[in-house]
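Under our numbering, think of the first position of the sequence shown as 8, with each following residue one higher. Right, one structure below, let's go through it.
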Amino acid sequence: MGFWSKIFGSKEKQSEAHFNKLSWIGWDIHNHILPGIDDGSDSIEQSIQLIEGLKELGIHHGVSTPHVMAGVHNNTPETIEAAHSSLNQALKESHINFTLGFSAEYMIDDQIDEWIQANKLCVIADKYILIEMSYLAESKALFNIIKSIQELGYQPILAHPERYNYYHNNFKIFEEIKAAGCLLQLNLLSVSKYYGEGVKTCALTLIRAGMYDFVGTDMHHDRHLEALKNVVNKYDLKDLLKDCPIRNAKLYDEEKIKRLSIA
8 MGFWSKIFGS KEKQSEAHFN KLSWIGWDIH NHILPGIDDG SDSIEQSIQL
58 IEGLKELGIH HGVSTPHVMA GVHNNTPETI EAAHSSLNQA LKESHINFTL
108 GFSAEYMIDD QIDEWIQANK LCVIADKYIL IEMSYLAESK ALFNIIKSIQ
158 ELGYQPILAH PERYNYYHNN FKIFEEIKAA GCLLQLNLLS VSKYYGEGVK
208 TCALTLIRAG MYDFVGTDMH HDRHLEALKN VVNKYDLKDL LKDCPIRNAK
258 LYDEEKIKRL SIA
């Protein structure tokens with residue numbers, strides 16, 4: 008199948024059921040399914056509905072990454088862990104088999120330096136830190152933050168680089184970010200027009216260049232879930248991303264999964 012056939016799909020592919028189509032991912036490393044903690048799920052009931060949707064798509068492991076954003080989402084490791092514990096308990100009581108870890112999505116703002124200096128960060132798989140920038144303007148501190156995170160012994164991941172419109176005509180910046188040792192995470196909805204034509208074009212350019220290291224749903228609500236089902240019906244995402252070194256499936260070893268499952 009040619010590259011553009013993968014993008015636009017076929018009538019046959021679009022009519023296929025979406026069950027288990029994302030099982031190859033293993034772990035969804037970017038979502039907002041913890042209840043009542045940011046602009047994502049607003050209740051345990053909604054969180055469970057979103058998790059059931061992920062399971063239907065074949066994803067049975069996830070790392071929740073609520074926003075940490077000064078003055079908007081003032082989350083701390085304590086508030087995140089509390090929300091995680093309440094949701095995890097609800098999953099167990101409902102006999103829903105889903106391995107749920109937690110971390111955070113850190114906005115590069117005036118506060119992130121404090122979290123780094125205090126080494127008080129929520130880390131994915133004891134190694135990775137997910138960071139993001141404003142959609143309105145480039146953060147001039149990006150490369151300094153990447154370096155500071157690395158000096159703590161952690162690996163930074165830049166969330167959804169394709170969504171930063173100010174980079175759409177500057178492919179060189181993505182090469183510089185990668186050269187600085189920062190990994191890139193694709194939002195799966197970006198391969199469609201969900202976020203706009205420019206985001207889709209940028210995502211496909213980065214995919215063709217083999218630039219992505221992780222993928223995530225960035226799921227906040229029911230609309231994202233329904234859009235994701237449409238995307239996996241329309242596109243062969245695994246084949247589309249075959250030239251990218253996607254690391255999701257190897258995020259945790261079996262022993263760590265067992266520890267998370269009984270936490």
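The C-beta atom is built at its ideal place from N, Cα and C for all residues, glycine as well. Here the structure is a predicted model, which is why all the values come from computation and not from measurement.
- Task: Check whether the stretch 49-56 touches the stretch 119-134, counting contact only when three or more Cβ pairs, one atom from each stretch, lie closer than 8 Å.
- Result: no
- Task: Figure out for me which residue from Met76, Glu63, Glu204 and Leu143 has the closest Cα to the Cα of Tyr173.
- Result: Leu143
- Item | Where Ser71 falls: helix, strand or coil (DSSP) | DSSP, reduced to helix, strand and coil, places Ser71 within a strand of the structure shown.
- Message: Once the 5 residues before and after Tyr113 are set aside, which same chain residues still bring their CB inside 6 Å of it?
- Response: Val75, Ile119 and Ile138
- Item | Contained beta strand (DSSP E) runs [length at least 3] in the stretch 45-101, N- to C-terminal order | 68-71
- Query: Helix, strand or coil: which one does DSSP assign to Asn27?
  - Reply: coil
- Contact belief for Asp45 with Asn82 at Cβ below 8 Å, rounded distance in angstroms: 7 Å
- Query: Do the stretch 23-39 and the stretch 197-209 meet, that is, are 3 or more Cβ pairs less than 8 Å apart?
  - Reply: no
- Query: To the nearest angstrom, how far is it from the Cα of Ile153 to the Cα of His231?
  - Reply: Taking the straight line from one Cα to the other gives about 29 Å.
- Item | Pairwise C-alpha distance: Ile184 and Ser30 | 29 Å
- Proximity of Leu267 and Gly108 at Cβ, strictly below 9 Å: yes
- Can you say whether Asp260 is buried or exposed, counting buried as having 16 or more other CB atoms within 10 angstroms of its CB? Within a 10 Å sphere around the beta-carbon of Asp260 sit fewer than 16 other beta-carbons, which makes this residue exposed.
- Query: Quick one: what's got a C-beta closer than 7 Å to Phe150's C-beta in the same chain, skipping five residues either side?
  - Reply: Ala187
- Item | For Lys20, three-class secondary structure by DSSP | The predicted model places Lys20 with a pLDDT of 46, which falls under 50 and marks its position as unreliable; any figure quoted below should be read in that light. It is helical.
- Message: Rounded to whole angstroms, what is the Cα-Cα separation between Asp225 and Gly69?
- Response: Between the C-alpha atoms of Asp225 and Gly69 there is a straight-line separation of about 11 Å.
- Item | Whole-number beta carbon distance between Tyr219 and Cys189, since they are thought to touch under 8 Å | In fact, because the Cβ distance is near 12 Å, the residues do not count as touching under 8 Å.
- Item | Exposed unless 16 or more other CB atoms sit within 10 angstroms - verdict on Asn177 | exposed
- Item | Where Asn194 sits in the DSSP three-state scheme | Assignment of Asn194 by DSSP, reduced to helix, strand and coil, places it in the strand class.
- Message: How far does the alpha helix (DSSP H) with Phe181 in it extend, from its first residue to its last?
- Response: Phe178 to Ala186
- Query: Among all the DSSP beta bridges, which residues are the ones paired with Ala166?
  - Reply: Answer by DSSP bridge pairing, in chain order: Gln192.
- Quick one: grab the DSSP three-state call for Glu139. strand
- Query: If you check the beta carbons only, do Lys28 and Val198 fall under 9 Å apart?
  - Reply: It is not a contact, given that the beta carbons lie outside the stated cut-off.
- Message: Let me confirm a value: Gln21 is counted as buried when at least 16 other C-beta atoms fall within 10 Å, else exposed. Which label applies?
- Response: A caution first: Gln21 carries a pLDDT of 42, below 50, which makes its placement in the model unreliable, though a value can still be read off. Counting Cβ neighbours within 10 Å, Gln21 comes out exposed, since fewer than 16 surround it.
- Put Glu112 into one of helix, strand or coil per three-state DSSP. strand
- Message: Please identify the residue among Leu61, Ile66 and Ala216 whose C-alpha is closest to the C-alpha of Ala256.
- Response: Ile66
- Identity of the residues DSSP links to Met226 by a beta bridge: In the DSSP assignment, the residues bridged to Met226 are Asn38.
- Task: Measure the beta-carbon distance from Lys134 to Tyr161 and round it to whole angstroms, keeping in mind my assumption that it falls under 8 Å.
- Result: 6 Å
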